[in-house]
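Chains as they are written, first to last, in my numbering: chain A, 92 to 343; chain B, 2 to 410; chain C, 5 to 725; chain D, 650 to 832.
Beta carbons are placed, not taken as given, at the ideal position from N, Cα and C, and that holds for glycine.
None of these values were measured; they are calculated from a predicted model.
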Amino acid sequence: MTHHEFKVKWGMVIDLDKCTGCGACMVACQVENNVAPMNDASNKLRTLTWMLVYELSNHKDFPEHETAFLPRPCMQCGAPSCVPVCPVVATDKNEEGGIVSQIYPRCIGCRYCMAACPYHARYFNWLDPVFPKGMDKTLTPEVSPRPRGVVEKCSFCHTRLNNARQRARAEDVDPLDFPVEWYQPACAEACPTGAITFGDLNNPKHEVNRLIKSPYAFRLLERLGTDPQVYYMSRRDWVRYQGDNHLAHEKH
Amino acid sequence: MDQKLIPDGLTRCSFGRYLLWLAFIGVFILWGAYAATIIFMKGLTVTGLDNYFGFGLWITFDLAVIALGAGAFFTGFLKYILQIDQLKNIVNLAVIVGFICYSGAMLVLTLDIGQPLRAWFGYWHPNVHSMLTEVIFCITCYCMVLIIEFIPTILEQKQLNKIPFLHYLAHNMHTHMALFAGLGTFLSTFHQGSLGGMYGVLFGRPYAFREGFFIWPWTFFLFILSAVAAGPQFTVLVATFMEKLTGKKLVDFRVKVLMGKIGGTMLCLYMFFKLIDTWYWAAGILPQMGFTFDQMFYQVIYGKWLLWTELIVCGVLPAIMLMIPSMRKQPFFLYLAGILTCTGITINRYVFTVQTIALPVMPFDKWEIYIPNWAEWAPSVMIVAYGFLVLSLSYRYLPVFPQERKLNS
Amino acid sequence: MGLDRRGFIHLIVGGAVGTLFTPIPWKFADDLSIWTQNWPWIPRLKHGEEARTATISKMCAAGCAVNIRTVGGRPVAAEGNPNNVLSQGGLCPLCAAGVQMMYSPSRLPGPMKRENDSFKQITWDEAAALLADKLNATVGKDGKLAMISGDESGTINEVLSGFAAALGATDYYLMPGDGQTSSRVWTGLMGGEGQIGFDLENADLTLFIGADALESWGPTVRNQKAFSASRPGGEKPKASYIYAGPVQTRTAAVSDAWVPVLPEGLASFTLGLCYFLVKNGASVDTRDFDSFKNLVMSHYTPDKVEKLVGLKPDTLQDLSRKLAQAKRPLVVVGSEFGQGGGQALQAAGAALNLLMGRLNQPGGMIAMPEAPKVVDAALDRKDLLAKDLVSYLMNMEKGRAATPDVLMVYEANPVYALPQSEAMAKALAKIPFKVSFSTYMDETAALCDLLLPTPHSLERFDDVYTPHGLGFSAWALAKPVSKPACDNLNSADFTLKLAKAMNIDLGFEDFESVLQAKAEQLGAMGGFFADEAAPWDVRSGAASAEAASDVWDGAQEGKAWCSVATVDQRALRLGAEVLAKAAQPSPDVSYPLSVSPTLQLNVGSQKVATPPQNLTTIRNTELRGKASFVQVCGQTAGKYGLSEGAMVKLTGPRGECAAKVHITERVMPGVVEAPLGFGHSAWDAYTRGKGDNTYKILSVTTEPGTGETVWTGSKVKIAKI
Amino acid sequence: MKEMQIVRQSGGALAFLAGVLAALVIGWWIFPQVLFSKQEQPIRFSHQVHVVGQDMACDDCHFYREDGSFAGLPTNEKCGECHEDVMGEDPAEEKYVTEYYQEGKEVPWLIYQYQPDNVYFSHNAHQQYDCTECHPNLADNDSPPPYYRNRISGYSKDTMKMWRCERCHAQNHVSNACYVCHK
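See below:
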């Protein structure tokens with residue numbers, strides 16, 4: 092398990108008490124990242140969703156039942172389980188900002204990274220991308236279309252980061268410390284309830300830096316040691332409790 | 002028809018019958034080739050693999066045959082390095098079985114990756130931290146070693162051996178075989194270990210994750226031990242199967258017993274560590290990750306029975322059979338122990354591949370079930386058929402079994 | 005020295021060895037692997053200058069204010085427009101795929117007319133001539149021409165209804181929605197004035213009764229933004245939310261509490277809350293307050309409410325206490341799926357707000373001025389909202405009303421999205437000549453004789469005026485972001501041209517000038533642009549804003565014009581006599597279960613089917629393969645012997661549909677949650693034939709006292725198939 | 650007998666060598682020619698006429714946009730500023746105006762340095778370098794050089810391969826992280 096530390100750590104804080112599970116983030120993500128639509132997307136074992144909203148239940152009967160929604164992008168782990176296993180360095184965590192890269196032309200499609208990732212954040216292209224006639228005109232210039240046979244995942248809309256750096260250069264601003272509005276992933280931008288806050292976890296000027304210190308903040312599967320850069324927040328004990336696995340005697 | 006090609010002093014079935022047999026094998030090969038073509042054209046969407054089960058039947062199959070093919074390096078090691086001379090009577094077969102297993106596995110691997118045309122990236126852009134890189138390099142190198150080990154047997158074919166150059170080449174290769182056996186042992190040990198390591202390093206997967214020694218998780222060593230336990234026994238089983246099929250005695254039973262003894266010893270060693278490992282996993286690693294032992298199992302398909310079968314029925318039991326000389330010397334127990342051991346190893350490779358990724362790690366996730374479809378079965382069957390083909394050809398035209406003439410006269 | 009066999013072999017071997025020392029194998033391997041990144045059948049990216057154009061996306065009913073990102077002039081993605089107060093930078097899941105829907109496979113290529121069972125493409129001139137011909141035959145004969153509009157908030161209704169009026173037709177209907185019910189109750193039953201809205205932003209306790217406000221009810225994204233602003237991350241919430249309804253909807257999931265109430269009991273529940281207030285001395289200065297007081301004190305006591313809706317008196321009292329303790333409580337009532345709720349519920353909700361003294365207060369229920377009108381011939385907004393399409397069609401179906409000769413349908417899908425939809429479709433099918441202005445081949449277009457596709461919402465001029473539920477008056481402009489991808493013509497422009505050709509003067513040459521006139525009128529009303537100050541802050545006095553001088557210019561930049569003006573009431577009633585008859589649910593033993601339809605925007609709206617990009621957002625407990633799911637709780641499942649995934653048939657008095665069962669404790673016992681938006685028969689391969697249409701099992705009843713058509717709380721029975 | 654053998658052996662060696670030689674010739678001389686297809690630009694665009702003749706500056710057409718992105722080749726919008734109608738005698742100009750500009754079609758220029766979609770390249774991050782360090786200098790060119798397209802990979806012959814990017818980044822101590830240049 093190799094830990095990677097960077098001066099800048101792009102991260103998210105997702106407030107689960109605000110997420111209504113509407114799905115706008117998933118749609119915005121697909122549009123931004125040129126994910127081709129699928130004719131039948133009801134077989135969730137074959138769909139491709141960089142951002143996926145899980146539905147959580149407190150497993151109590153009516154009327155004590157409660158529901159929560161949990162959007163799951165790539166966790167951009169500080170100690171990613173996927174990176175060391177890739178045989179061809181098609182994925183790496185080697186850039187300032189800590190975003191785990193995934194390079195499609197390098198990927199040979201062995202899917203070892205998918206086996207390694209406990210968050211199911213990685214997806215395999217079972218099919219070539221096919222857009223309905225004319226819809227390929229709406230491809231954004233941000234992400235190259237992926238052929239079948241390679242793995243892909245959420246990149247925190249990395250090209251937006253590159254564009255922000257470019258803008259910083261053009262405007263003579265430090266490319267490591269530009270205004271946070273310059274770089275927001277599509278999901279965070281679209282979220283109608285503002286459940287997703289995005290920024291540099293290490294930068295005190297950014298909201299996320301404050302939010303991750305909240306007693307209600309937690310991360311998924313922390314005890315595995317993956318050290319994710321995505322945080323969640325909930326005031327509901329049961330929601331936080333479901334963020335990790337616990338033994339019976341560890342119950343709060 | 003092909004009498005000129007058959008080694009002197011050996012009798013083989015009629016050419017017509019042989020062709021019929023080959024045609025029978027050919028059907029399976031064609032079926033697999035058809036599936037492979039479809040897979041190359043349309044991609045892996047035609048398989049039963051999915052987002053949860055990136056690894057499935059093929060990886061299980063690869064791991065199993067590679068473990069079973071371990072007879073090649075281990076017998077070679079015993080024969081050429083430790084100089085156990087008796088094993089010369091089975092080492093040829095061990096090499097051929099190894100060759101089949103490894104080349105077959107590599108064939109399946111090219112199907113299994115999403116971008117076969119990029120397969121060579123594994124060599125050109127290797128990630129030194131990845132166990133899979135280690136596997137890729139070692140498997141390829143060892144496959145080459147196996148080819149080198151196989152070549153002398155081929156060159157000893159009656160007609161080829163008449164060519165002086167080839168004759169001397171074969172002879173010279175034989176004399177240097179110890180070198181290759183050593184090299185093979187080193188490579189094979191490493192990648193058997195790396196295959197285990199591939200799972201042990203998955204720290205996000207409680208079913209597979211193991212701590213370990215230096216850079217290697219315990220599974221690294223367990224896979225080596227289990228392979229050397231199963232490999233020799235599988236070679237014995239193959240030899241016996243060929244005997245049943247051909248109605249001839251090919252290998253002296255005493256050699257088989259010796260192989261059984263070796264396999265049994267290794268199995269004991271393996272089971273000793275495996276049981277400790279399982280206990281430590283259940284009592285140490287799992288709680289640390291927030292899991293209980295019970296949570297590792299689900300319904301029948303991923304039930305505990307798999308674990309108990311692997312450990313007790315296919316582990317402890319055959320180990321006992323093989324370690325008691327009187328039992329080992331009875332063909333029934335020797336072969337039964339062999340079958341059980343091989344089954345156990347296969348179960349082990351299966352659960353490490355499939356159960357590992359079927360297990361939900363996020364508390365709100367759920368178990369998923371994997372069923373391989375025809376497109377995965379066909380190439381796997383093709384590899385088995387390919388093994389039969391290579392064995393059939395070798396048996397008919399090459400001097401594989403030094404004892405055959407003597408045993409059948 | 006000849007080349008013998010051996011020599012030849014040497015040559016080949018030499019060649020093979022030599023080849024290894026040439027670039028051939030290596031370059032080949034390399035280029036082949038590069039080829040795999042550029043497979044010719046993979047689409048290529050197109051680059052160009054990036055720009056953003058502000059407009060309104062009208063995929064959802066309320067409309068999202070968006071910035072459309074263009075690359076080299078091509079629209080590629082929709083983003084929220086933070087400068088527009090309507091959705092404040094947020095985006096609903098439907099509008100998020102808005103740009104992609106420009107290239108939906110179901111999009112109509114151009115004007116078409118029916119020839120037997122298929123459509124033939126014709127020119128716009130031919131289409132206009134054909135339609136003019138049919139319309140001329142109806143001139144002056146009321147009842148011969150009917151129009152249905154699926155746009156509740158657009159000025160286009162003025163053009164279309166003005167045109168209809170000029171032809172002598174009065175049958176102009178909107179697709180049903182809570183806005184209409186609310187208007188009928190407020191301006192009719194209760195004798196109020198203006199349009200009712202809710203100042204969510206200033207409320208500190210909001211009780212949603214029925215209204216799935218954070219998912220699909222009202223101006224959803226604005227509701228979500230108000231919710232979001234009251235819940236600053238990591239800090240103490242500034243406002244609390246309670247949801248009362250039969251299903252733990254997405255709104256309920258994020259609310260502080262969910263109070264389960266049967267759909268047919270929502271009005272009784274609301275009156276049950278009124279009971280506590282009245283008991284504690286609350287009153288409203290209306291003539292019929294005393295009879296209202298008598299009504300709630302005698303018929304809506306906690307134990308009676310318990311009998312009616314199955315809610316514990318304690319829960320009700322606790323809730324009323326919370327309302328009483330809040331500084332700025334607000335009650336928002338509505339149907340769970342935004343339509344078909346009765347007048348009783350709306351009246352009870354208004355009464356509750358009035359009892360709490362929340363009318364025209366910051367964080368309260370706001371009576372806003374009526375929308376101004378620019379096309380003189382058009383229907384007044386109040387009159388427009390008063391007309392009931394469902395009862396019109398039911399009368400037509402039963403032969404109680406004449407069938408018109410011509411029907412024109414604008415951006416609506418009445419064949420699919422009306423209760424007891426099969427019967428409604430039959431009624432519509434009886435009309436001899438039907439015209440659709442839809443952009444897409446929806447179920448209604450498929451039934452029509454003439455298709456006159458209007459451009460996609462991002463390709464045309466359009467507008468939104470104060471969608472129902474908004475707490476302030478607002479107007480925003482939609483303008484074309486790109487040329488239409490197909491041969492389409494704005495229905496308003498087409499109508500104005502057609503009117504001119506038929507010598508009808510509606511006062512305008514094109515739609516853009518209608519909108520410009522609208523902007524001028526609004527400018528005269530005062531009001532301001534919300535980028536100056538948020539309207540809710542202006543209402544609460546926390547900020548002030550200067551009146552907008554040039555509304556048209558600002559609107560073109562994507563800003564919303566706003567006003568916080570309120571209307572004083574003169575002769576308000578509580579409608580006690582009517583409520584006394586209306587609010588009681590009547591149990592029906594042959595159909596034991598209540599349907600609670602859910603409208604989730606990711607699945608689609610009343611007028612738009614699921615965009616291809618949205619399919620991944622649908623859970624596999626909502627749709628799997630060809631089957632959609634209904635949701636019941638374990639108790640209901642146990643009672644009817646249903647297991648997870650079992651295929652069932654839901655039968656209502658006027659229709660049936662099939663679905664699989666998903667067992668979830670999100671649904672109260674005795675209720676079946678059924679999704680809307682599935683079971684399309686037209687559209688495209690992404691939606692066609694997926695699941696079943698819940699509208700089929702919604703049955704219309706007439707509310708006692710008010711005569712309102714109601715289809716919330718529709719009853720069904722359930723059986724395994 | 651022995652002579653025969655020598656002849657045979659040398660014949661063997663000769664044939665072997667001949668094979669090697671043939672392979673080398675094919676591999677190093679013929680193969681590279683076959684591998685690339687030669688294509689001409691759709692319009693014979695003369696930089697000379699524009700730069701020398703009309704005294705235009707490079708960044709009149711190849712300019713940076715406000716957001717720091719580089720416009721690359723000019724589009725009809727830019728070219729049409731002058732070439733709304735045919736201005737000169739040159740048939741190439743006439744072809745452009747009539748076949749492209751007036752038809753509303755963009756010219757499908759062949760880009761010598763074409764990079765695939767998976768590459769993110771920011772010109773403004775490389776502003777300190779002269780354009781000609783990577784691009785051919787066409788400023789004085791009257792007719793554009795032919796374009797060679799790799800028949801297998803589809804790349805231009807002049808497309809810069811990744812190792813060159815990496816080398817330069819390494820030499821200048823700039824990050825070679827994957828996402829710096831890939832998307």
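- Query: What number of angstroms, rounded off, separates the C-alpha of M445/C from the C-alpha of R111/C?
  - Reply: When rounded, the distance between both Cα atoms is 6 Å.
- Message: Just to confirm, is the Cβ distance from L358/C to V288/C under 7 Å?
- Response: The Cβ atoms of L358/C and V288/C lie closer than 7 Å to each other.
- Item | C-beta contact flag for P373/C and N206/C at 7 Å | It is not a contact, given that the beta carbons lie outside the stated cut-off.
- Measure the C-alpha to C-alpha separation of V656/D and G72/B and round it to an integer number of angstroms. At V656/D the pLDDT is 46, less than 50, meaning the model places this residue with poor confidence and gives no usable figure here.
- Quick one: residues in its chain with C-beta nearer than 7 Å to the C-beta of Q350/C, no 5 flanking neighbours on either side, listed in chain order? Result list for Q350/C: T185, S186, V189, V337, in chain order.
- Query: Quick one: Cα of M653/D to Cα of A662/D, how far?
  - Reply: Residue placement at M653/D cannot be trusted, given a pLDDT of 47 that sits under 50; what the coordinates show is reported in the next sentence. Between the C-alpha atoms of M653/D and A662/D there is a straight-line separation of about 14 Å.
- For P175/A, does the three-state DSSP call read helix, strand or coil? P175/A: coil per DSSP, three-state reduction.
- Task: Would you kindly work out how many angstroms separate the C-alpha atoms of S477/C and G681/C, rounded to a whole number?
- Result: Rounded to the nearest angstrom, the gap between the Cα atoms of S477/C and G681/C is 30 Å.
- Task: Excluding the 5 residues preceding and the 5 following L167/B in the sequence, name in chain order all residues of the same chain whose CB lies nearer than 8 Å to its CB.
- Result: A distance below 8 Å between beta-carbons, with the five flanking residues on each side excluded, links L167/B to the following residues of its chain, in chain order: L156, L161.
- Output the residue ranges of the beta strand (DSSP E) runs that lie fully inside the segment 680-728 of chain D and measure 3 residues or longer, sorted by chain position. Listed in chain order, the complete beta strand (DSSP E) runs (minimum 3 residues) inside the segment 680-728 of chain D are 685-688.
- Query: Which residues in chain A sit within 7 Å of S771/D, going by Cβ to Cβ distance?
  - Reply: Result: N253, Q257.
- Which of the three DSSP states, helix, strand or coil, is assigned to F214/B? When DSSP states are grouped into helix, strand and coil, F214/B belongs to the strand group.
- Query: How many Å lie between H51/C and T344/B at the Cα?
  - Reply: Taking the straight line from one Cα to the other gives about 57 Å.
- Query: Are the C-beta atoms of L673/D and some chain C residue less than 7 Å apart?
  - Reply: Closer than 7 Å: yes.
- Between which two residues does the beta strand (DSSP E) carrying A559/C extend? Where A559/C is concerned, there is no enclosing beta strand (DSSP E), although the alpha helix (DSSP H) it sits in stretches over 555-560.
- Query: Should the segment 177-184 of chain B be regarded as contacting the segment 74-89 of chain B, the criterion being three or more beta carbon pairs within less than 8 Å?
  - Reply: Flag = yes, the segment 177-184 of chain B and the segment 74-89 of chain B touch.
- Tell me whether Y699/C sits in a helix, a strand or coil according to DSSP, three-state version. Looking at Y699/C - three-state DSSP - the assignment turns out to be helix.
- In or out: L133/B buried (at least 16 other Cβ within 10 Å) or exposed? Residue burial is scored here from C-beta neighbours: L133/B has at least 16 other C-beta atoms within 10 angstroms and is therefore classed as buried.
- Item | Reduced DSSP secondary structure (H/G/I, E/B, other) of T111/A | If DSSP states are grouped into helix, strand and coil, T111/A belongs with coil.
- Would you grab the beta carbon distance between I622/C and V634/C for me? Rounded to a whole angstrom, and I think it's under 8 Å. About 14 Å separates the CB atoms of I622/C and V634/C; that is not less than 8 Å, and the two are not in contact.
- Reduced DSSP category for L661/C - H, G, I as helix; E, B as strand; rest coil: The identity of residue 661/C in the sequence shown is Cys, whereas the question assumes Leu. When secondary structure is reduced to three states using DSSP, C661/C falls in the strand class.
- Taking the C-alpha atoms as reference points, what is the distance between N120/C and A433/C? N120/C and A433/C have their C-alpha atoms roughly 14 Å apart.
- Task: Let me know if M5/C comes out buried or exposed under the rule of 16 or more other beta-carbons within 10 Å of its beta-carbon.
- Result: With a pLDDT of 48 at M5/C, under the threshold of 50, the modelled position of that residue is not reliable, and no figure is offered here.
- Message: Counting only beta-carbon separations shorter than 7 Å, does M226/A have a partner in chain C?
- Response: With a threshold of 7 Å between beta carbons, M226/A makes contact with chain C.
- Where R813/D falls, given that 16 or more other Cβ within 10 Å makes a residue buried: Exposed, since its Cβ has fewer than 16 Cβ neighbours within 10 Å.
- Message: Suppose contacts are defined by Cβ-Cβ distances below 7 Å. Is G285/A in contact with F309/A by that definition?
- Response: Contact: no.
- Message: Applying the 10 Å Cβ sphere with the 16-neighbour rule, what's the burial state of G558/C?
- Response: So G558/C ends up on the buried side.
- Message: By the 9 Å beta-carbon criterion, what residues does the segment 275-308 of chain C contribute toward chain A?
- Response: Cβ contacts with chain A come from no residue of the segment 275-308 of chain C.
- DSSP state of F389/B, grouped into three classes? Of the three classes helix, strand and coil, the one that applies to F389/B here is helix, per DSSP.
- Message: Let me check understanding here. Comparing Cα to Cα, which of F222/A, A339/A, Y203/A, E262/A lies closest to N773/D?
- Response: Per the C-alpha coordinates, the member of F222/A, A339/A, Y203/A, E262/A positioned closest to N773/D is E262/A.
- Task: May I ask you to list, following chain order, the residues of the segment 35-58 of chain C that have a beta carbon less than 8 Å from some beta carbon of chain B?
- Result: Cβ proximity to chain B below 8 Å picks out L36, S37, W39, T40 from the segment 35-58 of chain C.
- Query: Would a check of beta-carbon distances place N336/A closer than 7 Å to chain B?
  - Reply: Yes, its Cβ sits closer than 7 Å to a Cβ of chain B.
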